[in-house]
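Residue numbers (numbering that gives the first Met the number 0), protein chains in the order written: chain E, 0 to 375; chain B, 0 to 375; chain Y, 0 to 375; chain X, 0 to 375.
Cβ atoms here follow ideal geometry from the backbone N, Cα and C, with glycine treated the same way.
There are 4 protein chains.
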Amino acid sequence: MERKIRMGMVGGGAGAFIGNVHRMAARLDGNIELVCGAFGRDGEKSRATGKSLFIPADRCYAGYEEMFAKESQLPADKRMDFVSITTPNHLHYPIAMKALQLGFHVVCEKPMTLTVEEAESLAAEVKKTGLLFCLTHNYTAYPMARFARQLVREGKLGDIRRIMVEYPQGWLADAVTVDNKQGSWRTDPKTSGITCCMGDIGSHSENLAEFVSGLKITELCANLKTFVPGRTLDDDGDVLLKFDNGAIGTLTASQIAVGEENALKLRIYGSRAALEWRQENPESLIVKRNDGAMETFRRNWAGAASNWSRLPAGHPEGFIEAFASLYNDFAQAIDAFNAKRSYTPEYPSVDDGVRGVKIIHAIVASASGDQKWIKL
Amino acid sequence: MERKIRMGMVGGGAGAFIGNVHRMAARLDGNIELVCGAFGRDGEKSRATGKSLFIPADRCYAGYEEMFAKESQLPADKRMDFVSITTPNHLHYPIAMKALQLGFHVVCEKPMTLTVEEAESLAAEVKKTGLLFCLTHNYTAYPMARFARQLVREGKLGDIRRIMVEYPQGWLADAVTVDNKQGSWRTDPKTSGITCCMGDIGSHSENLAEFVSGLKITELCANLKTFVPGRTLDDDGDVLLKFDNGAIGTLTASQIAVGEENALKLRIYGSRAALEWRQENPESLIVKRNDGAMETFRRNWAGAASNWSRLPAGHPEGFIEAFASLYNDFAQAIDAFNAKRSYTPEYPSVDDGVRGVKIIHAIVASASGDQKWIKL
Amino acid sequence: MERKIRMGMVGGGAGAFIGNVHRMAARLDGNIELVCGAFGRDGEKSRATGKSLFIPADRCYAGYEEMFAKESQLPADKRMDFVSITTPNHLHYPIAMKALQLGFHVVCEKPMTLTVEEAESLAAEVKKTGLLFCLTHNYTAYPMARFARQLVREGKLGDIRRIMVEYPQGWLADAVTVDNKQGSWRTDPKTSGITCCMGDIGSHSENLAEFVSGLKITELCANLKTFVPGRTLDDDGDVLLKFDNGAIGTLTASQIAVGEENALKLRIYGSRAALEWRQENPESLIVKRNDGAMETFRRNWAGAASNWSRLPAGHPEGFIEAFASLYNDFAQAIDAFNAKRSYTPEYPSVDDGVRGVKIIHAIVASASGDQKWIKL
Amino acid sequence: MERKIRMGMVGGGAGAFIGNVHRMAARLDGNIELVCGAFGRDGEKSRATGKSLFIPADRCYAGYEEMFAKESQLPADKRMDFVSITTPNHLHYPIAMKALQLGFHVVCEKPMTLTVEEAESLAAEVKKTGLLFCLTHNYTAYPMARFARQLVREGKLGDIRRIMVEYPQGWLADAVTVDNKQGSWRTDPKTSGITCCMGDIGSHSENLAEFVSGLKITELCANLKTFVPGRTLDDDGDVLLKFDNGAIGTLTASQIAVGEENALKLRIYGSRAALEWRQENPESLIVKRNDGAMETFRRNWAGAASNWSRLPAGHPEGFIEAFASLYNDFAQAIDAFNAKRSYTPEYPSVDDGVRGVKIIHAIVASASGDQKWIKL
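Have a look at this one:
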């Protein structure tokens, strides 16, 4: 790479979770520099966060509008190359649209937008501008998730028949306290949209299932539930799935599954072999057959998987490393963009974002109706 | 006990699987003696099986009708006390009815009957005769499954919110060969009834879920599928569940999940704690909470669980031992029956059988219709 | 088999553990009948135990001397074929010698005798009489332990370099109470001999290591310890090992490893592959390589292993089943002996017993001296 | 912190493994900046590595001598604050001594030096200069390793009786090829010193065991072996241990354990409870007792452990994160040093380094002699 890529951030102020993840991920491989940020709408708070990050006060902004306005006026060799959007859901769309219109590449959290219309409008803008856009479905960046996809592509599983994806968490099993910033905005329709659980982690689940299997969900039938009193959005749910090749399966997402941490798990059964991957134990991929020993592939032995890893197996890599692979990929893409070099990125695209928003809307529609199957 | 209890068997000839399991289970605790059998309808074959079991030729019969007729005429201190029915599904009903009518207690495989009408008729006969009837839902006899039920009863989980039960097997992933006796009758509607997968292992799944949770399924929505060409009955399926306390969940059963052996697994999430139990690792019960370490209970430490175990933990007990607990319980019940002593058995009853037949019929009805929810 | 084989038992009275295991194991496959027993030296207590086992009072004896005397006088078609010795260690030798001298085959618990001299004298008597003798190193009868041995024999591991065997238990971590019959005799030199921990479970460890590897320990260096105050025999210890092919390794046995149940574990590393087997999860055998996925073999796929199993994999078999394989093998051997047919049994022999006694004596000698290596 | 801390590196050129780990670790938390390096003795190669790291050519040096000379002459607000030494073993001592003499703080790889004399001389220099010195025994920086230590300190285990530490790897099971830079220098006495396996990973093992237990090894008895032909240093070995409180145990380290990746594992058994931690699954700590369920503590619930973690449990952290905790701690220490503020670091010290060198020398001495126990 010619130079370090310059990153700006919206969100990620005090009390944020995912903003700091984005920063660590961007740092890990050493080719991205965080040069500015709107770490909140309050200038003073934004500067306080920025100071702790060793960012000069004059590049800590009070809101994204100010940031975009001022950064646009900086010389080309100083201003940020891209913006990372790590705010609550309702702000993804306006910030991303504005960034694209001003010529900044975008890294955006999921779900991409609140509505299907916004999602499609954003996709159109990406196409129109030709700018780079990365949706942080970070779980697809784990080496063994990519290795799983490769096994499917190579036909090792035969015809896929059954897909089971589940994402149980327990952290919202009780009413959210006021100071739980993460819980508060996710359970509030104004900031979260029409769904809490399905939007937050159901979206990761469907994305991972389609990513690894290469299949598309064509019909679904959902049962959503809100268990915690006073809450208006779903905190739990199950979905029956049909895929475009005739496979069937289930998607379960829960934020009230007490005792579960972040237990995203994918199982795919084909006519010849099956695979199983667990995000909480991400360095192993299990392959099962009817006619032989169960195989546990590890990062070392996983062929192409080693492209997205930094250490020999047995030296555990985790969540930050996978997230960093998205950032590293994005930085490479910007470098190629600048040099007008061709580059085929692996990170999730704006189209993945559109699909995700469509699916979570179909799930919510299914859950609230009497029709058995909803077509996508 | 006053004396060994005398057992007769229908089924369990050459090539049988479950018949031999019943015999090992009946032997293990030393208080049951296999005294006669109709190990097939062919007298010669029946005697050949009987000889290998050290049963005199004159008590090896050609079919259950002959067995019941001849055993009925033997003196009370010689004739069998009960019959174990280990035949394909379609014969459970006629054999069990006849046995009850002649005054024999009955141990019967699941699913209990082919139709709901048969099931209810059999339940009525059990009530009418006052005889003992045990349905071999053997998984409920594992010590840790019973300990799980106890934890629920003691309120350790709080209010139950989510139940996930799954039973993936892979052994029917390909077309069944002629000499696969087990596969042949299960995939044949004449011997298996209206369902293969859901009847065979879906029934165990629903039974275990209701047994441990103490809840009843009230509504369900099913998606069944037949993957193997030429097969007419389901070999795979998923069901959305609603329970009588408002809990929701899923039931998955599959016989085409390649690489899976007999992977029955139950998870129950309550408002305070969750539990997880796997039949393939039956000696452990996992309890999870949001506010503490995950606990793995083992047979030794499982309080009442020790009533149904024979060895200290760390000395693995398994499938046969659990099955034997049903037989031991049944033998104790007969001993008490003979002595007109009160005894409260733990084995599954004819009412469990009725419920199971109803649920699998509801699942099949749901899967073939457009209505989202089927009420039970 | 021509007929059921008739078994007598010494030991196994009220409060016994292993006696009941022997009885369940003998029952499981249906070709052995327990016809008599000396379930203690007190005739009344012996008869009480016998009654609960449905054994006629006249075949419940007050001590082994009476049993042997009376059984010898019974007609050939009635008297016991063999005796199972399930007493504390110090009685193994006199009972086994007497049984052999009277023409009874013998099943004997380990360690075989208190001294090397006794062990060699017993081996000589077995050879002299030509009678059958089975030492119940039951762990070698697990299907996957035998499959492990087969992999070694087939050269799948290459040259063996490292063997690690460990057997941690926690049940003797505190002082033994008077009513703990199992703990009392094991910690008493009069009944247990010169060692507690190494004799009880170190002996199983060395036997399993040599059984699976096919190698012999040639030198050892031991560190034994007694942690619980008031105890005179070892309750914990480690041994460095050298094997006859140049391999090295360790043997650890502990009865004070709190929280451990019966965690016998064997690992063997060769030049090409390694294997790992855990008694508490006995249905799986792990094979690892530097150049491929880790393989988990299960009973189903384990080739010859299926000869010693009763159920499809996924239907857990455990401790009793493995023990029963010894008894079944022994019954087959007696049947062949009676018919003067050739038969090659798989159960551990009197020579295994001699070797075990020698090794535990070498361990105790090493631990009490200053010499680094003790040769065997 | 006032400003980013400035780091220089010796080692970490093309083909290096641990150098890149140090760089990622130093980047992760955003408070350290790599400003210069001697990434080899060849200036051109050093600059090539530096360029890929976006380091100006004039701060890429040909060897540490040049780096120290030139950096010393830079103004205080520009020159490096500390040097990270990531070279083969034989260079640790001269580089560290020189750095200290010139006033630079030092981060140094293990084993600290080739000889005990060097180690003690280095410790004296650290004391004399008052500069900061961190030895990268990175495994002690895992949150659950620190939580384990905390449980021991709180007395949760009671009196410690048995410690088992093992570190099996398989990567040196075959002869090392010329281009295997990692394997080449480790198996060469000139660069590795008197031991390969015990120095490389035995040192981590003893350090972790003493760190968590708070005990000191007082006597040991070792058996080392070289399995791969042509190799002169040990690639495998076992050590019997005695600790200063009377506990006993074993240390095993192997580089020829085929199929093992980096399987460092520690078990400590006390009179009340036991703990078990595996580096390859670092987010869990298992606690076992004789009188209750086995507990699996996760990072979330681990009290003080959360001080050294960055994400909620279920979002796997691994090797780099633990390593980064050392760097973060070191950066905080330098910041406090500069501000003359008191600060109590948690990273391993030069005294840990002295102890490590002493122990591995004792192990090598034991293995080559006939004396059973070597005192430390």
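Boundaries of the beta strand (DSSP E) harbouring residue 297(E): 293–297, taken from the DSSP string. In the same chain as residue 324(E), and ignoring 5 residues on each side of it, the C-beta atoms closer than 7 Å to its own belong to 140, 307, in chain order.
Residue state for residue 66(X) is assigned as helix, using DSSP reduced to three classes. In this structure, the straight-line span from the alpha carbon of residue 187(Y) to that of residue 179(Y) is close to 12 Å. Closest option to residue 7(E), judged by alpha-carbon separation, among 59(E), 321(E), 259(E): 59(E).
Secondary structure note for residue 209(E): it is in no beta strand (DSSP E), and the uninterrupted alpha helix (DSSP H) holding it is 202–212. Counting along the chain, no alpha helix (DSSP H) covers residue 175(E), and no H or E run does either. Beta-bridge annotation (DSSP): residue 150(Y) is not paired with any residue. Around the beta-carbon of residue 158(B), fewer than 16 other beta-carbon atoms lie within 10 Å, marking it exposed. Per the C-alpha coordinates, the member of 15(B), 204(B), 24(B), 31(B) positioned closest to residue 38(B) is 15(B).
In chain order, 167, 235 place their CB closer than 6 Å to the CB of residue 253(B), counting only its own chain and leaving out the 5 sequence neighbours on each side. At a cut-off of 7 Å, the C-beta of residue 29(E) has a neighbouring C-beta in chain X. Interface residue (Cβ-Cβ distance to chain B less than 7 Å): residue 268(E) is classified as such. Per DSSP, residue 275(B) is one residue of the beta strand (DSSP E) stretching across 272–277. Neighbours of residue 226(Y) in chain X, taken as residues whose beta carbon is under 7 Å from its own, are 160 in chain order. Assignment of residue 134(Y) by DSSP, reduced to helix, strand and coil, places it in the strand class. One Cα belongs to residue 44(B), the other to residue 65(B), and the distance between them is close to 15 Å. By the rule that beta-carbons nearer than 7 Å mark a contact, residue 165(B) does not touch chain Y. In the DSSP assignment, residue 165(E) falls within the beta strand (DSSP E) that extends over 159–167. Secondary structure within the segment 64–115 of chain Y: the alpha helix (DSSP H) runs of 4 or more consecutive residues, fully enclosed, are 91–100 (chain order).
Rounded to the nearest angstrom, the gap between the Cα atoms of residue 218(Y) and residue 96(Y) is 31 Å.
Between residue 239(E) and chain B, the shortest Cβ-Cβ separation is below 7 Å.
Taking a contact as a CB-CB distance under 8 Å, the pair residue 370(E) and residue 69(B) does not count as one, their CB atoms being some 59 Å apart. Per the DSSP secondary-structure output, residue 5(X) pairs in a beta bridge with 32(X). Within chain B, the residues whose beta carbon sits less than 7 Å from that of residue 296(X) are 292, listed in sequence order. Following the DSSP letters along the chain, one finds residue 267(Y) in no alpha helix (DSSP H) but inside the beta strand (DSSP E) bounded by residues 264–269. DSSP places residue 252(Y) in the uninterrupted beta strand (DSSP E) bounded by 247–253. Just measuring C-alpha positions, the residue of 222(Y), 281(Y), 55(Y), 334(Y) sitting nearest residue 316(B) is 281(Y). Using a Cβ-Cβ cut-off of 7 Å, residue 188(E) does not count as an interface residue toward chain X, since no Cβ of chain X sits closer than that to its own. Between the alpha carbons of residue 128(E) and residue 266(B) lies a distance of about 49 Å. By the neighbour-count criterion, in which a residue is buried when 16 or more other Cβ atoms sit within 10 angstroms of its Cβ, residue 289(X) is buried. Put simply, of 13(X), 12(X), 11(X), 29(X) the residue whose alpha carbon is nearest the alpha carbon of residue 329(X) is 29(X). If you look at residue 219(Y), you'll find it in the beta strand (DSSP E) that goes 216–224. Neighbours of residue 10(B) in chain Y, taken as residues whose beta carbon is under 8 Å from its own, are absent, since the nearest beta carbon is some 17 Å off. Chain order gives the chain E residues near residue 281(X) as 315, where near means a beta carbon separation below 8 Å. Here residue 155(B) carries a coil assignment [DSSP, helix/strand/coil].
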